[in-house]
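Novice: Numbering (full-length UniProt numbering), first residue to last: 1 to 90. Glycine included, C-beta positions come from ideal geometry on N, C-alpha and C. Fair warning: this is a prediction, and the values are worked out from it, not measured in the lab.
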Amino acid sequence: MLKELINKILWHPDYDAKDYEITYLHRAGDKEKGDKSISLTKSISMENMLINDSFIIYEEGPITRHIPFHRILKIRNKKTKEILYEKTIK
Numbered sequence: 001m002l003k004e005l006i007n008k009i010l011w012h013p014d015y016d017a018k019d020y021e022i023t024y025l026h027r028a029g030d031k032e033k034g035d036k037s038i039s040l041t042k043s044i045s046m047e048n049m050l051i052n053d054s055f056i057i058y059e060e061g062p063i064t065r066h067i068p069f070h071r072i073l074k075i076r077n078k079k080t081k082e083i084l085y086e087k088t089i090k
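1) Who are the near neighbours of H26 in its chain, counting only those whose CB is closer than 6 Å to its CB and skipping five residues on each side?
2) From the DSSP secondary-structure annotation, give me the bridge partner or partners of Y85.
3) Applying the criterion that 16 or more other CB atoms from any shown protein chain within 10 Å of the CB defines a buried residue, is I72 buried or exposed?
4) In terms of residues, what are the limits of the alpha helix (DSSP H) holding E47?
5) Within 10 Å of its beta-carbon, does T23 have 16 or more other beta-carbons around it, so buried, or fewer, so exposed?
This is the structure in structure tokens:
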């Protein structure tokens, strides 16, 4: 369902990807350097986003980010504030 929704927003002519944002669980820290990993939420525009089998890909400056679907918490229309998807956390 989530992958289909993302594809619809990205490719269907009735939707404009720049009007939507994804909020996801972001893991910060570098385990290889001994940094502790912290979790926070981050929102990104769906504009210029690519989709793969089980994750989305987007550019953040010089860095390419790969976000697995299981980390996506919400998809929202930025103009209308309508929430199209919200992950249920138990």
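Specialist: In short, the structure shows the following:
1) Counting from one through the sequence shown, the residue named residue 26 turns up at place 26. L40 and K42.
2) Counting from one through the sequence shown, the residue named residue 85 turns up at place 85. Per DSSP, I75.
3) The sequence position of residue 72 within the sequence shown is 72, counting from 1. Buried, by the Cβ-count rule.
4) Here residue 47 is taken as the residue at index 47 of the sequence shown, counted from 1. E47 -> no alpha helix (DSSP H), and no H or E assigned at all.
5) Walking along the sequence shown from the start, residue 23 turns up at place 23. That one is buried.
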